[in-house]
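Undergrad:
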Amino acid sequence: MLYLYRLLSFETMNIFELNTSYDVFNQLSLILYDSYNSQSRCQQLYYCLILTSLSPSSSSPIFNKDSQSDSVYQTKELEESNCQLLASLLSEFELAVIESIESGLLKHLEQCATLSSEKGLYKVCEYIHQTCGNKLLVLKYQMLLLKRIILAKVSNNSTYTSIHSDHNAVKLASCIFQCLEHNINRINKKFLVDDENYDNLKLICFEQAEVLADWDEERTLKVLYGLTNASISEMLELVNSYVKEKTSNQHTTYLILRAFFKCR
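Residue 41 in the numbering used here sits at position 7 of the sequence shown; the count goes up by one each step and never skips.
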């Protein structure tokens with residue numbers, strides 16, 4: 035049990051490097067230790083931590099011609115299993131952080147939100163900004179959560195249908211698009227509070243255009259058009275200026291163009 039606690043403390047330190055002046059790490063470690071106090075949960079986490087620390091590159095297996103294809107398949111299975119375990123561990127950790135905020139053990143929300151964003155703990159960021167009433171940042175982190183779900187599914191070679199049958203992803207995507215469409219209606223009716231809100235919404239939508247289009251390219255095209263009233267060429271220029279990563283840029287451009295020709 036003591037070994038597990040030390041191992042857990044080491045892993046959480048790597049995941050969530052907090053400022054020692056607030057002593058948040060110690061609080062999180064104790065909370066996590068308590069939440070995994072039953073033997074079955076401890077055992078599950080123990081194996082999870084061991085498996086996720088394994089790397090195929092750290093070993094040098096010897097293949098013969100007959101076993102090579104089987105070994106490659108087994109390695110692929112192990113990698114997929116590790117991805118699932120990492121996702122599970124991340125989800126459990128996020129829930130533990132949220133519980134500590136709810137119980138008042140974590141009080142420095144701004145610092146926690148910044149560090150959570152750096153470490154990819156988007157559920158924590160969503161919760162904090164929801165608590166603080168910052169709807170635009172809630173929307174941003176909901177998009178990043180959806181992106182994480184899509185990437186996890188893609189890494190497991192899931193099909194388009196299986197991704198869209200994931201209950202959590204469907205619920206999250208529905209919430210995102212409803213929020214966007216509601217805000218666009220307000221923009222078109224000139225009910226938006228100020229230009230800064232509009233600029234921030236446009237920034238978030240174009241930066242995350244790939245994940246939106248990956249989920250529903252036609253609905254994304256309508257959202258982007260509603261935000262800008264731009265022609266297709268102008269819209270693609272905006273994508274090019276906001277989506278910096280080359281592969282993502284090309285993929286987003288392809289999806290939006292495909293949606294445009296479908297809607298014509």
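Where a beta carbon is used, it is the ideal one built from N, C-alpha and C, also for glycine. In this text, all values refer to a predicted model and were calculated from it rather than measured experimentally.
Ignore the nearest five residues each way along the sequence and tell me which others in Q164's own chain have a CB closer than 8 Å to its CB.
TA: Only V172 meet the Cβ criterion.
Undergrad: Given a cut-off of 8 Å on the beta-carbon distance, is the pair L261 and T254 in contact?
TA: No.
Undergrad: For T286, count neighbouring Cβ atoms within 10 angstroms of its own Cβ and tell me buried if that reaches 16, exposed if not.
TA: Looking at its Cβ environment, which holds 16 or more other Cβ atoms inside 10 Å, T286 is buried.
Undergrad: Give the DSSP-derived three-state secondary structure of Q212 in the structure shown.
TA: The answer is helix: DSSP assigns Q212 an H, G or I state.
Undergrad: How about the region 232 to 243 and the region 263 to 278: do they share at least three Cβ pairs that are nearer than 8 Å?
TA: Contact between the region 232 to 243 and the region 263 to 278 is present, because at least three Cβ pairs lie under 8 Å.
Undergrad: Residues in the same chain with beta-carbon distance under 8 Å from I218, minus the five sequence neighbours each way, listed in chain order, please.
TA: For I218, where only same-chain residues beyond five positions count, the Cβ hits under 8 Å are V257, G260 and L261.
Undergrad: Can you give me the Cβ contacts of I132 inside the same chain, cut-off strictly under 8 Å, excluding the 5 residues immediately before and after it?
TA: Excluding residues within five positions, the ones whose Cβ falls inside 8 Å are K157, V158 and Y161.
Undergrad: Please state if the CB of L180 and the CB of L214 are separated by a distance shorter than 8 Å.
TA: In this structure, L180 does not lie closer than 8 Å to L214 by Cβ.
Undergrad: Would R292 and E244 qualify as a contact pair, given that the criterion is a beta-carbon distance under 8 Å?
TA: Cβ atoms of R292 and E244: not closer than 8 Å.
Undergrad: Let's see if you can read the secondary structure: which residues bound the alpha helix (DSSP H) around D248?
TA: Its alpha helix (DSSP H) spans residues A243 to W249.
Undergrad: When the Cα atoms are used, what is the spatial distance from C25 to Q145?
TA: The structure shown does not extend to residue 25, since the chain is modelled only from 35 to 298, so the question has no answer here.
Undergrad: L178: which of V188, S199, L155 and L129 sits nearest, CA to CA?
TA: Ranking the options by Cα distance to L178, first place goes to L155.
Undergrad: Please identify the residue among K174, G167, H216 and N202 whose C-alpha is closest to the C-alpha of I184.
TA: Comparing Cα positions, the closest option is N202.
Undergrad: Measure the beta-carbon distance from D233 to L289 and round it to whole angstroms, keeping in mind my assumption that it falls under 8 Å.
TA: Incorrect: roughly 24 Å between the Cβ atoms, too far for contact.
Undergrad: Flag this pair as yes or no: are the beta carbons of L140 and N231 separated by less than 8 Å?
TA: Contact flag unset, no.
Undergrad: Return the chain-ordered list of same chain residues with a C-beta closer than 8 Å to the C-beta of L270, the five sequence neighbours on each side being excluded.
TA: Closer than 8 Å at the Cβ level, and outside the excluded window around L270, lie T287, I290 and L291.
Undergrad: Which runs of the alpha helix (DSSP H) spanning at least 4 residues fall entirely within the region 233 to 292, listed in chain order?
TA: DSSP runs (the alpha helix (DSSP H)) wholly in the region 233 to 292: 243 to 249, 251 to 262 and 266 to 276.
Undergrad: Less than 8 Å between the C-beta atoms of I135 and L129, yes or no?
TA: No. Outside cutoff.
Undergrad: What residue range does the alpha helix (DSSP H) around L149 cover?
TA: Looking at the DSSP string, the run of the alpha helix (DSSP H) that includes L149 is L143 to E152.
Undergrad: Can you tell which of F294, K153 and S137 has the C-alpha that lies nearest to the C-alpha of L124?
TA: It is K153.
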